[in-house]
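Quick note, the sequence shown lines up with residues 0 to 154 if you use numbering that gives the first Met the number 0. Have a look at the structure below before the remarks.
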Amino acid sequence: MGQGTKKGDRVMSWRYRLESPFRYQSSLLSDVLFENEWGRIDGYSIEIAKGYSWDGCSPAWRIGSLWLGTPDGKLNPDGRPQTFYASLVHDYLCQFSRSIDIKKEVTVILFRNMLIEGGFSPLRAAIYAACVDKFGPQDWGVDADVFQYLQKGYR
Numbered sequence: 000m001g002q003g004t005k006k007g008d009r010v011m012s013w014r015y016r017l018e019s020p021f022r023y024q025s026s027l028l029s030d031v032l033f034e035n036e037w038g039r040i041d042g043y044s045i046e047i048a049k050g051y052s053w054d055g056c057s058p059a060w061r062i063g064s065l066w067l068g069t070p071d072g073k074l075n076p077d078g079r080p081q082t083f084y085a086s087l088v089h090d091y092l093c094q095f096s097r098s099i100d101i102k103k104e105v106t107v108i109l110f111r112n113m114l115i116e117g118g119f120s121p122l123r124a125a126i127y128a129a130c131v132d133k134f135g136p137q138d139w140g141v142d143a144d145v146f147q148y149l150q151k152g153y154r
């Protein structure tokens with residue numbers, strides 16, 4: 000838990016920060032190619048860089064040292080909450096959604112699948128995924144300028 004970067008006059012808070020790179024494989028990513036300073040997707044796998052920070056499941060509010068909001072689930076044996084990796088991947092995809100050629104529906108399915116792998120029941124995972132689908136970011140797709148850039152092979 001810590002402080003993020005300054006944006007305007009306010010400091011953006013984040014809940015989690017990767018201590019080492021995270022790699023995940025899924026056939027849902029088979030047609031996706033993307034790379035930036037925080038990670039890459041190279042068809043079937045996504046790797047997110049050490050130091051990447053995110054806020055976990057939303058909505059959540061920080062009050063002093065406490066976070067109130069969407070429950071992250073119980074702790075897994077590694078000491079991380081059940082939503083840790085699902086929220087990491089989903090937040091990364093959301094953050095760069097205007098540059099990654101991926102459909103919102105794919106990210107919701109990926110989020111649901113990762114929640115189940117993290118220990119959620121299929122029902123609870125479906126509820127969280129439905130909330131992400133309905134209340135999460137709705138502006139998906141590659142900008143026309145970015146798409147032209149990608150079409151030239153600068154991935």
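C-beta atoms are modelled at their ideal positions from N, C-alpha and C, and glycine is treated no differently.
Residues C56, S57, P58 and A59 of the same chain have their beta carbon placed closer than 7 Å to that of T69, with the five preceding and five following residues left out of the count. DSSP places I115 in the uninterrupted alpha helix (DSSP H) bounded by K103 to E116.
In this structure, the beta-carbon distance from Y43 to L28 falls below 8 Å. Counting other Cβ atoms within 10 Å of its Cβ, D71 reaches 16 or more and is therefore classed as buried.
For the pair Y84 and M113, the CB atoms are nearer than the 8 Å cut-off.
If you look at I126, you'll find it in the alpha helix (DSSP H) that goes P121 to F134. Here DSSP, grouped into helix, strand and coil, assigns F95 to coil. Between E46 and P76, the gap from beta carbon to beta carbon reaches 8 Å or more. In the structure shown, D90 adopts helical secondary structure according to DSSP, grouped into three states. Residues K49 of the same chain have their beta carbon placed closer than 8 Å to that of E18, with the five preceding and five following residues left out of the count. Y51 has its alpha-carbon roughly 23 Å from the corresponding atom of A128.
The beta carbon of G118 sits closer than 8 Å to the beta carbons of G72, K73, N75 and Q81 from its chain, once the five residues preceding and following it are set aside; these are given in chain order. Taken through DSSP and simplified to helix, strand or coil, L27 comes out as helix. By the 16-neighbour rule on beta-carbons within 10 angstroms, R22 is exposed. In chain order, A48 and Y51 place their CB closer than 6 Å to the CB of W37, counting only its own chain and leaving out the 5 sequence neighbours on each side. In the displayed model, Y15 falls within a strand according to three-state DSSP.
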